[in-house]
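Enquirer: Below you'll find the structure I mean.
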């Protein structure tokens with residue numbers, strides 16, 4: 467979890483009896499939400515171990531007490547480079563029209579420039595919309611999928627989503643609605659989540675990022691973060707990729723697949 471920014475300050479007032487009375491803390495946030503929180507704590511600690519970073523702590527108590535919705539989506543499922551990122555977006559249910567007004571849509575259907583523009587809009591409204599991002603390292607995915615118990619990628623993904631919901635609840639967000647882009651069979655996944663969170667209205671659908679603005683917001687957080695991380699990849703000191711090598715989106719596309727078939731050796 468990202469540390470609380472030191473720009474958060476406490477102010478006090480004095481009541482008629484002369485006793486200091488603490489006011490609610492008010493975030494003092496700079497443009498683009500402090501350069502996207504130090505670009506998520508320096509590229510999620512240089513893309514090392516799996517970790518979660520969040521801006522939910524910057525939401526005021528008043529916002530957290532309102533009925534809130536949370537959307538979840540991912541980027542980097544089955545990557546060649548970089549982690550798989552699961553992101554959640556949290557906002558008051560009363561902000562649904564504000565989200566629609568931003569023009570949010572499935573990140574994969576938008577240009578890179580439009581995704582960046584939408585991210586900047588959300589960061590400029592960080593007093594009412596927050597994110598949490600769970601980075602799952604390739605090493606963790608590999609270890610779990612090849613372990614004796616063989617944890618599937620679907621289960622890894624579902625556990626990440628569950629963790630993001632718990633993260634919001636643990637920070638006292640009054641979650642009343644959760645929307646998730648499905649992995650696996652939507653009906654089964656929804657029933658499972660509903661059993662874990664019986665007091666929350668759970669909706670799991672395929673292409674939820676194209677239907678629900680709060681999932682679209684999560685999709686933008688996940689996709690732009692992963693794209694920015696990959697853009698910095700050659701500068702990360704890994705010594706295996708020549709400078710200025712085009713990386714694409716880090717998925718196993720045609721060039722990657724051809725390379726693997728050409729240079730693989732039988733075991």
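Residue numbers (the numbering used here): 467 to 733.
We treat Cβ as the ideally placed atom computed from N, Cα and C, and that holds for glycine.
It should be emphasised that the depicted structure is a prediction, and the values quoted were computed from it without experimental measurement.
#1: For a test of the three-state rule: what should DSSP assign to residue 724, helix, strand or coil?
#2: Given a threshold of 16 other Cβ atoms within 10 Å of its Cβ, counted over all protein chains shown, does residue 539 qualify as buried or as exposed?
#3: Less than 8 angstroms between the C-beta atoms of residue 555 and residue 680, yes or no?
#4: Report the residue from 619, 553 and 647 whose alpha carbon sits nearest the alpha carbon of residue 519.
#5: Would the beta-carbon of residue 683 fall within 8 angstroms of that of residue 551?
#6: Taking the C-alpha atoms as reference points, what is the distance between residue 597 and residue 516?
#7: Can you tell which of 695, 689 and 728 has the C-alpha that lies nearest to the C-alpha of residue 576?
#8: According to DSSP, is residue 532 helix, strand or coil?
#9: Report yes if the C-beta distance between residue 559 and residue 642 is below 8 angstroms; otherwise report no.
#10: With three or more beta-carbon pairs closer than 8 angstroms as the criterion, would you say the segment 658-670 touches the segment 522-531?
#11: For residue 537, which residues does DSSP report across the bridge?
#12: Can you tell me whether DSSP reads residue 609 as helix, strand or coil?
#13: Quick check: what's the CA-CA separation for residue 521 versus residue 635?
#14: Does DSSP put residue 596 in a helix, a strand or coil?
#15: Taking the alpha-carbon positions, what's the residue 569 to residue 557 distance?
#16: Between 611, 609, 600 and 590, which lies nearest to residue 685 when the distance is taken from Cα to Cα?
#17: Just checking residue 522 against the ligand HEM - is the residue's beta carbon closer than 7 angstroms to any of the ligand's heavy atoms?
#18: Assuming residue 691 is part of the beta strand (DSSP E), what are its boundary residues?
#19: With a threshold of 16 other CB atoms inside 10 Å of the CB of residue 724, please say whether the residue is buried or exposed.
#20: Could you compute how far the alpha carbon of residue 648 sits from the alpha carbon of residue 581?
#21: Does DSSP classify residue 654 as helix, strand or coil?
#22: Please classify residue 537: is it buried, with 16 or more other beta-carbons within 10 angstroms of its beta-carbon, or exposed?
#23: Specify, as a first and last residue, the run of the beta strand (DSSP E) that residue 517 falls within.
Expert: Based on what the coordinates show:
#1: helix
#2: buried
#3: yes
#4: 553
#5: no
#6: 17 angstroms
#7: 689
#8: coil
#9: yes
#10: no
#11: 555 and 645
#12: helix
#13: 14 angstroms
#14: strand
#15: 16 angstroms
#16: 600
#17: Looking at this structure, you won't find the ligand HEM or any other ligand, since it has none at all.
#18: First-last for residue 691: 679-697, but that is the alpha helix (DSSP H), not the beta strand (DSSP E).
#19: exposed
#20: 22 angstroms
#21: helix
#22: buried
#23: 517-520
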